[in-house]
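In the working numbering, the protein residues as written are 486 to 807.
Accompanying notes for the structure given below.
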């Protein structure tokens, strides 16, 4: 029995009874007295488990008051792989969390998990060995992020001052938050009470936010998915067209493992080229992603996207003309 399993079993035994004597725990676990002493000390001093010792009865128990302060999640057992996955999730959240507002609340939990991993596998500082790189990530104001996420959880409306970059325009809107989406930055899908319709707002363009007392209007997740998840990228609305992209043999080695859209269709041709089809509504974001592959991709059978690509390529040619 490994140490991680022993620690969970000791906690489970003490949680399942009012109290247990030292020799009773030894008998149930089949370990040495020295090992049990070390494990009890480790649970109390390193993991914060509220284990108390009654010198009169010579028994161990989990203090009721301590459980009220530290909320336990009974019945959850974690393998080493699952503990590692928690560390990865922490690093992911750390990279996506504006101003580190959420991360500190999870850090103590991850520290305890890492201590378990260190003793089980001999590896320390796992989190410091994980890096997440998000090119082009746009930073979000931490206060606005907190207001929006809290209001979404409490089902209350939010008043935002929003800057629309394409029109260089600032507006004030009362919105009912529905869900958060991350794609290079955080987006808020919300019911806009100014337009009486669903809208997607980039949180990095929210200049101010305050929670209102008014209850939020609820919209079903199915309706949100139908409006926002069908088209390509962050542009809302149901898709109007399908684009077919033909990648070279070389580019196909990478693209065949990429997900451009949940409904994408891929077909590897006999000559090694890869055909990728994706739905879209607005060609802007799709054209930018196609340009990443330069001359290794060709748009076929879609005049709208072809025209958008030609316009951008001409502008690039003028920009870099010698």
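Every residue, glycine too, gets a C-beta built ideally from N, C-alpha and C.
Asked, Found
"Are there 16 or more other CB atoms within 10 angstroms of the CB of residue 660, so buried, or fewer, so exposed?", "buried"
"Do the stretch 743 to 759 and the stretch 686 to 702 make contact, defined as three or more Cβ pairs closer than 8 Å?", "no"
"Note down the Cα distance separating residue 631 from residue 663, rounded to an integer number of angstroms.", "15 Å"
"Count the CB pairs spanning the stretch 727 to 735 and the stretch 663 to 683 that are closer than 8 Å, and state whether there are at least three.", "no"
"Just the C-alpha distance for residue 531 and residue 515, rounded to the nearest angstrom, thanks.", "23 Å"
"Nearest-angstrom Cα distance between residue 519 and residue 567?", "29 Å"
"Starting from residue 538, trace the beta strand (DSSP E) in both directions and tell me its first and last residue.", "536 to 539"
"Could you give the distance in angstroms between the alpha-carbon of residue 792 and the alpha-carbon of residue 613?", "46 Å"
"What is the C-beta distance between residue 690 and residue 650, in whole angstroms, given that I count them as a contact (C-beta under 8 Å)?", "7 Å"
"Look at the alpha carbon of residue 489 and the alpha carbon of residue 539, and state the distance between them as a whole number of angstroms.", "25 Å"
"In whole angstroms, give me the CA-to-CA distance for residue 768 and residue 625.", "25 Å"
"Please name the residue in 622, 776, 582, 684 whose C-alpha comes closest to that of residue 799.", "776"
"I'd like the span of the beta strand (DSSP E) that includes residue 547, first residue to last.", "544 to 547"
"According to DSSP, is residue 705 part of a helix, a strand, or is it coil?", "coil"
"On the criterion of 16 or more Cβ atoms from any shown chain inside 10 Å, does residue 687 qualify as buried, or is it exposed?", "buried"
"Does residue 698 come out as helix, strand or coil in the three-state DSSP assignment?", "strand"
"So, is residue 671 buried or exposed, given that buried needs 16 or more other C-beta atoms within 10 angstroms?", "buried"
"So, for residue 492: in the same chain, excluding its five sequence neighbours on each side, which residues have a beta-carbon less than 8 Å away from its beta-carbon?", "524, 527, 528, 532, 601"
"What number of angstroms, rounded off, separates the C-alpha of residue 699 from the C-alpha of residue 652?", "30 Å"
"Comparing C-alpha positions only, which one of 636, 712, 787 sits nearest to residue 702?", "636"
"So for residue 721, helix, strand or coil by DSSP?", "coil"
"Could you tell me the boundaries of the alpha helix (DSSP H) in which residue 530 lies?", "518 to 530"
"Using the Cα positions of residue 772 and residue 628, report the straight-line distance between them to the nearest angstrom.", "33 Å"
"Do residue 621 and residue 576 have their C-beta atoms within less than 8 Å of each other?", "no"
"Consult DSSP for residue 668 and reduce its assignment to one of helix, strand or coil.", "coil"
"Beta-carbon within less than 8 Å of residue 647's beta-carbon, same chain only, minus the 5 sequence neighbours each way: which residues are those?", "655, 656, 657, 658, 686, 690, 691, 692"
"Between residue 545 and residue 571, is the Cβ-Cβ spacing less than 8 Å?", "no"
"Which same chain residues, not among the five before or five after residue 552, have their C-beta less than 6 Å away from its C-beta?", "Only weak support exists for where residue 552 lies, its pLDDT of 37 falling under 50; the value from the coordinates is given anyway. Cβ within range, chain order: n/a, list empty."
"Under 8 Å Cβ to Cβ from residue 714, same chain only, skipping five residues before and after it: list those, please.", "747"
"Taking the alpha-carbon positions, what's the residue 633 to residue 794 distance?", "37 Å"
"With a CB to CB cut of under 8 Å and the five nearest residues on each side skipped, what residues in its chain are close to residue 787?", "726, 727, 728, 729"
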